[in-house]
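Asker: Same order as they appear, the protein sequences are chains C and Y. Under the UniProt record's numbering, residue 712 is the last one in the first sequence; the count climbs by one each step, no gaps. Under the UniProt record's numbering, residue 712 is the last one in the second sequence; the count climbs by one each step, no gaps. For glycine and all other residues, C-beta sits at the position ideal for the given N, C-alpha and C. Here the structure is a predicted model, which means the values were calculated and not measured.
Number of protein chains: 2
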Amino acid sequence: MRPIRLPIALLIFSLGLAASALAEDGYRLWLRYEPIADASLAKSYRSSIGPIEAVATSDTAKIALAELERGLEGLLGGELKRTGATLLVGTGDAKHIAKLKLDLSGLGEEGYLLTRHKKNLVIAANTDQGVLYGVFAFLRQLQTQRPLENLHVETSPKVDHRLLNHWDNLTRTVERSMAGASIFNWFDLPYYVEPYYHDYARACASVGINGTVLTNVNSNATVLRPQFLEKVAALADTFRPYGIQVYLTARFSAPVEIGGLETADPLDPAVIEWWTDKINEIYTYVPDFGGFVVKANSEGQPGPQSYGRDHAEGANLLARALAPHGGFVMWRAFVYDFEIKEDRHKQAYTEFTQLDGQFEPNVSIQTKNGAIDFMPREPFHPLFGATPETPHTLELQITQEYMGGDIHLVYLAPMWEETLEADTFARGAGSTVAKVVDGSVFGHELTAIAGVANIGNERNWTGHPMGASNWYAFGRLAWDHQLSSQEIADEWTRMTFGNAPDVVATIEEMLLESHQTVVDYSMPLGLHHIMYPGHHYGPGPWHDQGRPDWTSTYYHNASEDGIGFDRTATGSDALGQYAPEVVEKWGTPESIEDKYLLWFHHLDWDYEMKSGKTLWNELCLTYQSGVDRVAEMGQQWDSLQGSIDAQRHARVAALLKRQLEDAKFYKDACLAYFHTFSQRPYPAGVNAPEYPLEHYKNFELYHVPGHPGEQW
Amino acid sequence: MRPIRLPIALLIFSLGLAASALAEDGYRLWLRYEPIADASLAKSYRSSIGPIEAVATSDTAKIALAELERGLEGLLGGELKRTGATLLVGTGDAKHIAKLKLDLSGLGEEGYLLTRHKKNLVIAANTDQGVLYGVFAFLRQLQTQRPLENLHVETSPKVDHRLLNHWDNLTRTVERSMAGASIFNWFDLPYYVEPYYHDYARACASVGINGTVLTNVNSNATVLRPQFLEKVAALADTFRPYGIQVYLTARFSAPVEIGGLETADPLDPAVIEWWTDKINEIYTYVPDFGGFVVKANSEGQPGPQSYGRDHAEGANLLARALAPHGGFVMWRAFVYDFEIKEDRHKQAYTEFTQLDGQFEPNVSIQTKNGAIDFMPREPFHPLFGATPETPHTLELQITQEYMGGDIHLVYLAPMWEETLEADTFARGAGSTVAKVVDGSVFGHELTAIAGVANIGNERNWTGHPMGASNWYAFGRLAWDHQLSSQEIADEWTRMTFGNAPDVVATIEEMLLESHQTVVDYSMPLGLHHIMYPGHHYGPGPWHDQGRPDWTSTYYHNASEDGIGFDRTATGSDALGQYAPEVVEKWGTPESIEDKYLLWFHHLDWDYEMKSGKTLWNELCLTYQSGVDRVAEMGQQWDSLQGSIDAQRHARVAALLKRQLEDAKFYKDACLAYFHTFSQRPYPAGVNAPEYPLEHYKNFELYHVPGHPGEQW
């Protein structure tokens with residue numbers, strides 16, 4: 001072996017195994033501000049953006065200005081030409097903005113205007129918060145390489161309260177998330193404020209998120225103790241200048257657990273006094289505290305029904321104490337009795353429609369997109385449009401509890417779009433879920449939308465590098481539900497991976513097809529709740545033990561006669577809770593879209609689908625197409641090798657390999673199981689399951705993160 | 001308010017609030033390779049280090065070369081002068097090294113030689129692993145700004161197996177650590193290998209750590225399932241080129257729990273067969289698997305005594321199956337009966353001395369530095385020197401279970417040094433613990449030292465920025481127990497915070513006094529085990545509930561008569577387990593050092609100390625001096641503002657504030673409690689406790705990280 005002899009400079013990049021290992025670790029999310037590669041575009045930006053003219057007195061304004069400088073420095077290297085142009089930034093009452101005589105009247109408190117004024121560019125708003133949002137939007141124009149010539153963006157949020165819900169425990173475990181420990185380092189607070197709290201708040205603000213619920217809906221009263229309120233205050237102080245209000249979950253039994261009372265009965269005067277005092281105390285720590293999310297009388301959580309009271313009486317107890325401070329209550333509709341009286345699908349509707357009109361004005365019913373539980377696809381929840389007197393907070397799940405955790409690539413915006421655009425017909429055609437939520441259908445003033453966060457203390461925040469697209473998309477849709485999932489995917493991809501056309505086209509295609517893909521390989525054609533019990537990662541169609549509505553067989557009803565849940569009038573009639581127009585559409589297997597077919601109908605294995613195929617064949621082919629699509633995603637991703645950084649490429653490539661194995665496993669396990677009933681051959685083009693059914697039934701995953709049955 | 005109008009370039013550094021928030025986040029540990037600020041020194045280095053001449057065929061050699069390039073690039077910017085000098089790097093059998101005719105015969109397999117040869121500098125070893133260690137040592141010379149003129153370092157490790165023990169669970173919780181989740185992302189393995197695994201291995205290799213036990217001593221048999229062995233293999237493959245062997249903890253009842261057997265009796269043929277097969281299977285995944293650490297029949301863990309067998313029979317079962325593969329067993333001496341027969345201090349000695357001679361040659365008794373449990377200070381464990389036939393793995397605790405977790409600044413090397421230098425007199429004077437462990441006292445070939453890691457997935461690895469000094473010091477002492485804690489502190493400080501004289505002097509002084517400080521404000525003068533039960537953070541001198549030897553009162557024995565544990569012949573006679581020379585020294589309150597006084601003696605409150613003060617006064621003054629020293633550390637640290645980066649400065653400053661509050665609390669709680677017995681006034685210079693005793697007794701911390709009773 002002859003020794004090599006090289007000057008150092010030549011060797012550095014040839015052998016530096018780990019030297020650049022953390023160059024693109026994902027920490028910067030979509031706020032990377034990498035230099036614009038297109039030289040002529042960069043030149044044009046440099047010549048049209050002049051020096052900044054701004055007033056920055058509040059912390060929020062200072063943050064806005066710092067972000068603008070940081071963004072421009074990164075994107076353009078700070079070499080702006082002195083062309084006489086100026087970038088005018090500020091609120092309408094600042095002199096340099098006022099003299100432009102812009103009409104800002106439609107912007108409200110949070111909206112912003114990006115426009116040109118003669119040679120100058122303008123970022124204007126009515127508040128510093130609006131300016132901050134405008135700055136992020138302006139930078140987004142550059143990050144996504146849009147022209148500035150005719151710049152004119154005027155927007156304000158359609159929903160007032162746009163919240164992340166963290167299912168984070170005080171022990172730093174996170175329910176249903178896999179991205180490491182909770183970002184909230186409770187033990188170090190209030191002494192040490194992690195720098196990344198600022199970056200969390202920046203990222204949220206950049207997409208318009210203006211509230212965060214710090215604690216799990218499966219709640220712990222300890223967060224209401226003074227020792228923890230100090231910590232909450234430190235977080236609130238950190239988040240406030242980014243326009244982010246802090247909320248908590250309220251454990252209904254807190255008066256007993258930490259208050260020393262013997263009851264938590266919401267009508268008991270001592271309980272009312274305790275909560276009133278406690279809420280007043282919270283406001284001494286956090287003067288702009290947002291309010292509470294409450295999961296009551298559901299899955300073991302305490303609630304008013306434990307004392308013979310109803311949800312309205314429970315919610316109103318908290319709402320009345322919050323009202324003087326301007327706080328509000330999001331009372332979750334995800335409730336179902338421990339005794340199964342009827343199709344679980346129907347219970348929230350039954351409970352809450354009869355209480356409509358009894359809630360205080362500062363109560364919103366927090367309602368998941370569908371009536372079961374964040375399945376890969378659900379028809380919209382029948383409660384939307386069914387409580388004219390009570391607003392709804394739409395609860396979406398960003399973390400992928402039933403969709404492969406942080407291992408599977410699933411862009412969720414198309415699913416959310418489907419819910420938002422669904423028509424409740426509550427006030428005639430066009431009464432979409434989005435319009436129920438934004439208050440326009442019933443004229444509600446209290447409007448809110450919540451996303452269950454997929455964030456942890458992993459360096460890249462979300463584990464899967466693509467998981468951040470869902471955090472991003474949630475914020476963007478919460479601000480403007482009319483944005484399309486395609487537009488949002490395009491923005492996020494450009495900001496996260498750059499503007500190279502092949503990169504953008506490939507990733508966008510992967511993102512946009514990914515949701516249909518996960519549905520196809522796990523729970524296609526309206527199937528639902530066939531996941532492995534407990535950790536919810538992987539299939540468990542055979543699961544039939546314990547409480548029936550926690551099994552899989554309860555939902556798919558597979559037998560030799562066929563498969564599916566009859567929710568029409570001949571079955572549970574959950575369909576009857578929807579408007580007549582919906583009932584008509586979904587009432588027959590012929591009129592309903594295939595994607596919801598087995599959600600509402602029980603059909604023979606040989607039922608002839610719209611495609612002309614039998615149900616069994618269509619089911620098999622759909623499972624197979626999901627698997628094939630994952631394989632194809634792997635190839636698409638491989639084609640980008642060298643076009644994006646090695647670090648993120650390697651991570652996604654590894655995850656796609658596993659997703660493919662998981663998808664095959666899901667398909668094989670389900671088909672092997674359903675085949676025991678259908679007894680029909682697998683159609684051409686479908687790979688029969690690799691192993692006998694017992695193999696899949698016996699396979700057990702250990703220590704799946706985020707499962708509350710685990711320590712983690 | 002007039003708008004500001006500034007060119008961008010001027011604004012960037014004035015308002016960029018968060019722009020540089022992560023510049024010094026601690027991730028790089030002591031391998032920062034920042035440019036050498038001293039221009040003349042840099043010039044001199046540049047002129048004496050020529051181009052590298054090396055052979056790099058193995059992965060280890062490639063890593064060594066890459067590290068060298070990375071280090072030189074960082075430190076010197078790659079601008080090395082062509083002075084005719086060459087940096088010769090390689091093993092003795094490589095041509096360019098062989099021709100130098102160096103004597104490498106004393107280096108063994110891991111040692112290295114740094115030297116000059118004519119104009120050239122040389123990094124030579126017998127193996128690529130030795131070269132890797134040599135590269136880190138060479139870079140350390142530059143990082144600590146030592147001259148290269150007379151470079152000559154020749155060293156090899158005194159202990160063969162230098163291991164981290166991770167008390168990490170498969171759920172990613174970590175027992176007794178506060179630095180976030182486990183670094184081992186089990187669920188993502190084996191698919192995704194985190195880039196930071198490489199940096200973990202680099203950091204370990206840089207200080208000579210050559211083994212890692214991946215799992216908690218409170219063990220989980222699941223890690224032995226094939227599903228997890230695949231994951232273990234992925235980690236082993238990653239760590240191997242850095243010279244790091246992988247070990248696991250063996251749950252003694254695994255044959256029952258995952259093997260389907262009805263017994264785990266170590267003499268049962270089916271059990272022997274199961275372990276033999278299992279161990280053979282492990283080696284198919286990890287051909288250089290290191291072996292097992294076992295905690296048996298201790299604190300609820302299963303073990304051979306459950307089947308009427310002894311520790312030797314248990315250890316030998318595993319050892320015999322490991323032997324053909326070259327693996328070994330570290331069988332922990334941290335055992336005590338569930339029924340309290342005698343002073344817990346005595347039990348390990350009693351159990352293991354009678355088994356001496358019965359262990360297989362590939363068994364080492366893993367023995368903590370002291371006989372109780374990682375107290376802030378303990379006299380050395382009497383087992384050292386007491387088993388001439390059986391080697392000991394010295395177990396040190398890097399994580400600060402009883403010393404403020406990742407919140408308090410405590411540099412542990414002085415404490416470890418105290419143990420290593422303690423004389424057992426086993427073969428006459430000079431039979432130090434270090435020499436028992438390095439095998440020289442009894443001629444043992446199997447030598448090992450283990451440190452319980454303080455590492456988690458926090459970005460800076462250890463939570464407290466100073467916590468990394470203990471990881472560093474452990475590795476350095478494990479390599480060479482003759483290094484002084486001062487030398488190690490000097491190295492670490494320069495590598496971590498730079499070479500500015502005021503920075504180095506201040507931080508070194510803080511580090512070197514910090515251990516005595518924590519002892520003084522928590523458990524001075526030989527007091528021990530007076531921590532809060534369960535989470536072990538904070539004081540609990542009043543704790544007297546439950547199992548006596550888990551209480552505080554069992555150990556301090558405070559009453560109106562005095563305080564302390566009589567372990568002389570008039571008491572438990574634990575002292576009688578030591579050599580006569582030690583018994584003589586520690587046998588009277590007059591001859592024993594004050595630091596161990598109340599460990600062995602129960603004394604009247606008015607006992608006259610060497611200082612002339614009464615015991616009560618001395619106790620009070622020592623507590624006070626601990627608190628005062630923390631306050632002083634805060635001032636010392638404040639004086640460095642501006643001399644080190646803002647980010648790490650802010651974090652340590654915040655932590656020191658809290659440490660001061662905690663130290664006061666500890667002192668006040670203990671003095672308020674002991675005062676109920678002593679009934680004597682607080683001496684001048686001591687601040688009386690701020691609150692009545694009840695205040696301290698009623699104070700409860702919630703959700704302290706690392707406490708296994710917590711989810712986290």
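For the candidate residues Y:T222, Y:T60, Y:H408, whose alpha-carbon lies nearest to that of Y:E513?
Answerer: For Y:E513, the nearest C-alpha among the options comes from Y:H408.
Asker: Is Y:D263 close to chain C? Criterion is C-beta to C-beta, closer than 8 angstroms.
Answerer: This sequence places Thr at residue 263 of chain Y; Asp is not what is there. Not one chain C Cβ lies under 8 angstroms of Y:T263.
Asker: If C:I365 sits next to C:H392, beta carbons under 8 angstroms apart, how far is it from one beta carbon to the other, in whole angstroms?
Answerer: Indeed they touch by this definition, with Cβ atoms about 5 angstroms apart.
Asker: Please report the straight-line C-alpha distance between C:L100 and C:D128, rounded to a whole angstrom.
Answerer: When rounded, the distance between both Cα atoms is 18 angstroms.
Asker: Thinking C-beta only, is C:S48 closer than 8 angstroms to C:A85?
Answerer: The answer is yes: Cβ separation under 8 angstroms.
Asker: Alpha carbon to alpha carbon, how far is Y:F665 from Y:A631?
Answerer: So the two alpha carbons sit approximately 13 angstroms from each other.
Asker: Name, please, each residue of chain C whose Cβ falls closer than 8 angstroms to the Cβ of Y:M178.
Answerer: Simply F187.
Asker: Using a Cβ-Cβ distance cut-off of 8 angstroms, determine whether C:Q641 contacts chain Y.
Answerer: Chain Y, which has no Cβ nearer than 8 angstroms to the Cβ of C:Q641, makes this no.
Asker: Nearest chain Y C-beta to C:Y307 closer than 8 angstroms, yes or no?
Answerer: Not one chain Y Cβ lies under 8 angstroms of C:Y307.
Asker: Unbroken alpha helix (DSSP H) runs of length 4 or more, entirely within the segment 327-385 of chain Y: which are they?
Answerer: Qualifying alpha helix (DSSP H) stretches, in chain order: 344-353.
Asker: Kindly provide the ranges of any alpha helix (DSSP H) runs that are 4 or more residues long and lie completely inside the segment 420-459 of chain Y, ordered along the chain.
Answerer: Qualifying alpha helix (DSSP H) stretches, in chain order: 433-437.
Asker: Out of C:G314, C:R320, C:L164, C:H601, state which residue places its alpha-carbon closest to the alpha-carbon of C:I279.
Answerer: Considering only alpha carbons, the answer is C:R320.
Asker: Identify the contact partners of C:L218 in chain Y, using a Cβ-Cβ distance below 9 angstroms as the criterion.
Answerer: This sequence places Asn at residue 218 of chain C; Leu is not what is there. None at all; the shortest Cβ gap to chain Y is about 11 angstroms.
Asker: Within the same chain, show all residues whose beta-carbon is closer than 6 angstroms to that of C:H543, passing over the 5 residues directly before and after it, in chain order.
Answerer: The residues are P533, T551, S552.
Asker: Would you please state the rounded distance, in angstroms, between the beta carbons of C:F35 and C:G74? I believe it to be under 8 angstroms.
Answerer: Contrary to the premise, residue 35 of chain C reads as Pro rather than Phe in this sequence. Right, the Cβ-Cβ distance comes to about 7 angstroms (below 8 angstroms), so this counts as a contact.
Asker: Could you tell me whether the segment 187-197 of chain C touches the segment 464-483 of chain C, where touching means 3 or more Cβ pairs closer than 8 angstroms?
Answerer: Too few Cβ pairs lie closer than 8 angstroms, so no.
Asker: Where does the unbroken beta strand (DSSP E) through C:Q647 begin, and where does it stop?
Answerer: Unbroken run through C:Q647 is the alpha helix (DSSP H), 646-678; no beta strand (DSSP E).
Asker: Helix, strand or coil, according to DSSP, for Y:G626 in the structure here?
Answerer: The answer is helix: DSSP assigns Y:G626 an H, G or I state.
Asker: Taking Y:I530 and Y:Y555 to be in contact with their CB atoms under 8 angstroms, please state how far apart those CB atoms are, rounded to whole angstroms.
Answerer: The pair is a contact, with the Cβ atoms about 7 angstroms apart (cut-off 8 angstroms).
Asker: Looking at the C-beta of Y:K99, does it have a partner C-beta in chain C at a distance below 8 angstroms?
Answerer: Judged by the 8 angstroms Cβ criterion, Y:K99 is not in contact with chain C.
Asker: Return helix, strand or coil for C:N120, following the three-state DSSP convention.
Answerer: In the structure shown, C:N120 sits in a strand (DSSP, three-state: E or B).
Asker: Quick check: what's the CA-CA separation for Y:H535 versus Y:P705?
Answerer: The straight-line gap from Cα to Cα measures roughly 8 angstroms.
Asker: Say whether chain C places a C-beta atom closer than 8 angstroms to the C-beta of Y:P539.
Answerer: Chain C, which has no Cβ nearer than 8 angstroms to the Cβ of Y:P539, makes this no.
Asker: Decide if C:S298 is buried, meaning its Cβ has at least 16 other Cβ atoms within 10 Å, or exposed.
Answerer: Buried.
Asker: If you drop the 5 nearest sequence neighbours on each side, which residues of the same chain put their C-beta closer than 7 angstroms to that of C:L224?
Answerer: If we look at C:L224 and ignore the five residues flanking it on each side, its Cβ neighbours are A254, I258, K278.
Asker: Counting C-beta neighbours from all protein chains within 10 Å, is the total for Y:N617 16 or more, i.e. buried, or is it exposed?
Answerer: So Y:N617 counts as buried.
Asker: Between Y:V704 and chain C, is the shortest Cβ-Cβ distance under 8 angstroms, so that the two count as touching?
Answerer: Yes, because at least one Cβ of chain C sits closer than 8 angstroms to the Cβ of Y:V704.
Asker: Compile a chain-ordered list of the residues in the segment 657-668 of chain Y whose CB is closer than 7 angstroms to at least one CB of chain C.
Answerer: Those would be K657, R658, in chain order.
Asker: Below 9 angstroms on C-beta distance, what does C:L655 contact in chain Y?
Answerer: Under the 9 angstroms cutoff, chain Y gives D188, Y191, Y192.
Asker: When you compare the CB of C:R172 with every CB in chain Y, is at least one pair closer than 8 angstroms?
Answerer: For C:R172, the answer is yes, since a Cβ of chain Y falls inside 8 angstroms of its Cβ.
Asker: Going by the DSSP bridge assignment, what does C:S559 pair with across the sheet?
Answerer: Paired residue(s): C:G562.
Asker: Mapping DSSP to helix, strand and coil, what is residue 795 of chain C?
Answerer: Here chain C comprises residues numbered 1 to 712, so residue 795 of chain C is not present and cannot be evaluated.
Asker: Please state whether the Cβ-Cβ distance between Y:M403 and Y:V518 is less than 8 angstroms.
Answerer: Contact: yes.
Asker: Does any C-beta atom of chain C lie closer than 8 angstroms to the C-beta of Y:N457?
Answerer: Taking Cβ atoms only, chain C reaches closer than 8 angstroms to Y:N457, which makes this a yes.
Asker: For Y:V647, go through chain C and note every residue whose CB falls closer than 8 angstroms to its CB, in chain order.
Answerer: At residue 647 of chain Y the sequence reads Gln, which differs from the Val that was named. Chain C residues near Y:Q647: P195.
Asker: Within 8 angstroms (strictly less), CB to CB, does Y:R651 reach chain C?
Answerer: With 8 angstroms as the cut-off, Y:R651 counts as an interface residue toward chain C.
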